[in-house]
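Asks: This is the structure I have questions about; it appears just below.
Protein chains in written order, with the working numbering: chain A, 8 to 118; chain B, 61 to 211.
Here it is as structure tokens:
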């Protein structure tokens, strides 16, 4: 069972979130195909990010022929969401309700 | 004058404390260009002239996979603009997007803008390609350029 803090650490980096987005929309990709989409990063840097995502169990890697194929594993994201993020939902809903009341309330007099 | 930026574009920019003529020196040979533009994908071919072939390699060493982007320099205009095509070889794009580096005097220095643009020309999956590259470009190359030009 991966520790939740691994998922948080993995998600803290924008490049790693971009890799997850890529896998979410495209399914399975080789490490090279992922690297191709990151002109700002060396291949070594992309490999390092993929390693962090693997250790956090956010991606799965399979070796097919000479290439590693990566797919998204969203289960740790569900843990992050249900075990922690969702507990804040009542607060969002409360602030949205207040915003709505303000927007629909009587017009403020013009100064 | 100057390449029109295509609609599906990724833009990164940096303000460099040096005049455009100084910044442009870092565009004037393969070795100099590789030292900053090649800090992400490796720069494997470049010559400082219109019509020259530019090639970058996203693959490596080890797993045998080479992933090449290549195309010709379409605009070489010191010290204002460098534009080249960047076709992902073997990826089946209808037409290649462009990479434009634009230098503009600003605030006593040079505003350098990097555009990866005209991604709409790649074909039916252009929106997906655009999303991918929008997440994929960092400021790493421009930061490396700044350090060289301000040294």
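Note that the Cβ used here is the ideal one computed from N, Cα and C, for glycine as well.
Note that the coordinates shown come from a computational prediction; the quantities given were computed from them, not determined experimentally.
Relative to chain A, which residues along the stretch 96-117 of chain B have a C-beta separation below 8 Å, given in chain order?
Replies: Under the 8 Å Cβ criterion, the stretch 96-117 of chain B contributes 99, 100, 101, 102 and 116.
Asks: Should residue 142 of chain B go down as buried or exposed, given a rule of 16 or more other Cβ atoms within 10 Å for buried?
Replies: The residue is buried, with at least 16 neighbouring Cβ atoms inside 10 Å.
Asks: Classify residue 99 of chain A: buried if its beta carbon has 16 or more other beta carbons within 10 angstroms, exposed otherwise.
Replies: Exposed, by the Cβ-count rule.
Asks: Going along the chain, which residues of the stretch 44-65 of chain A sit with their C-beta nearer than 7 Å to a C-beta in chain B?
Replies: So the list reads 44, 45, 46, 47, 48, 49 and 50, given in the order they occur along the chain.
Asks: So, using beta-carbon positions, are residue 119 of chain B and residue 113 of chain B closer together than 8 Å?
Replies: Not closer than 8 Å, so no.
Asks: Taking a contact to mean a Cβ-Cβ separation below 8 Å, would you say residue 87 of chain B touches residue 108 of chain B in this structure?
Replies: Their beta carbons are under 8 Å apart, which means residue 87 of chain B touches residue 108 of chain B by this criterion.
Asks: When burial is assigned at 16 or more other CB atoms within 10 Å of the CB, is residue 70 of chain B buried or exposed?
Replies: Residue 70 of chain B should be labelled buried.
Asks: Within 8 Å (strictly less), CB to CB, does residue 200 of chain B reach chain A?
Replies: Yes, its Cβ sits closer than 8 Å to a Cβ of chain A.
Asks: Assign residue 86 of chain A to one of three DSSP states: helix, strand, or coil.
Replies: Three-state result, residue 86 of chain A: helix.
Asks: If you measure beta-carbon to beta-carbon, which residues of the stretch 184-211 of chain B are closer than 8 Å to chain A?
Replies: Within the stretch 184-211 of chain B, the qualifying residues are 188, 191, 192, 193, 195, 196, 197, 198, 199, 200 and 201.
Asks: For residue 63 of chain B, name the three-state secondary structure that DSSP assigns.
Replies: It is coil, neither helix nor strand.
Asks: Give the C-beta separation of residue 170 of chain B and residue 80 of chain B to the nearest angstrom, bearing in mind that I take them to be a contact with Cβ-Cβ under 8 Å.
Replies: Yes, residue 170 of chain B and residue 80 of chain B are in contact; Cβ-Cβ is about 5 Å, under 8 Å.
Asks: At least one CB of chain B closer than 8 Å to the CB of residue 8 of chain A: is that the case?
Replies: Residue confidence for residue 8 of chain A is low, a pLDDT of 48 falling below 50, so the modelled location carries little weight; the figure read from the coordinates is stated next. Output row for residue 8 of chain A: interface = no.
Asks: Taking only beta-carbon atoms, is residue 39 of chain A less than 8 Å away from chain B?
Replies: So, interface residue.
Asks: Could you tell me whether any Cβ in chain A is nearer than 8 Å to the Cβ of residue 66 of chain B?
Replies: Taking Cβ atoms only, chain A never reaches closer than 8 Å to residue 66 of chain B, which makes this a no.
Asks: Give the secondary structure of residue 8 of chain A by DSSP, where H, G and I count as helix, E and B as strand, and everything else as coil.
Replies: Residue confidence is low: residue 8 of chain A scores 48 on pLDDT, short of 50, so the model does not pin down where it sits. No coordinate-derived value is stated.
Asks: Taking the alpha-carbon positions, what's the residue 135 of chain B to residue 46 of chain A distance?
Replies: Residue 135 of chain B and residue 46 of chain A: Cα-Cα distance of roughly 21 Å.
Asks: Less than 8 Å between the C-beta atoms of residue 180 of chain B and residue 66 of chain B, yes or no?
Replies: Closer than 8 Å, so yes.
Asks: Residue 8 of chain A to residue 97 of chain B, Cα distance in whole Å?
Replies: Confidence at residue 8 of chain A is low in this model, with a pLDDT of 48, below 50, so its placement is unreliable and the value that follows should be read with caution. Whole-angstrom Cα-Cα distance: 41 Å.
Asks: Report yes or no: do the stretch 82-100 of chain A and the stretch 142-158 of chain B share at least 3 C-beta pairs separated by less than 8 Å?
Replies: Because the criterion of three Cβ pairs below 8 Å is not met, the stretch 82-100 of chain A and the stretch 142-158 of chain B do not touch.
Asks: Where does residue 178 of chain B sit, in a helix, a strand or coil, going by DSSP?
Replies: Residue 178 of chain B falls in the coil class under three-state DSSP.
Asks: For residue 100 of chain B, count neighbouring Cβ atoms within 10 angstroms of its own Cβ and tell me buried if that reaches 16, exposed if not.
Replies: With 16 or more Cβ atoms within 10 Å of its Cβ, residue 100 of chain B is classed as buried.
Asks: Just list the residues that DSSP pairs residue 37 of chain A with in beta bridges.
Replies: Note: residue 37 of chain A sits in a beta bridge opposite A:76.
Asks: For the ligand FMN, is there any heavy atom lying closer than 7 Å to the beta carbon of residue 40 of chain A?
Replies: Among the ligands in the structure shown, none appear at all, so the ligand FMN cannot be discussed.
Asks: What in chain A is Cβ-close to residue 148 of chain B, meaning under 8 Å?
Replies: In chain order: 43.
Asks: Quick check: is the beta carbon of residue 119 of chain B nearer than 8 Å to any beta carbon in chain A?
Replies: Interface residue, yes.
Asks: Assuming residue 165 of chain B is part of the beta strand (DSSP E), what are its boundary residues?
Replies: Here the beta strand (DSSP E) through residue 165 of chain B covers 158-166.
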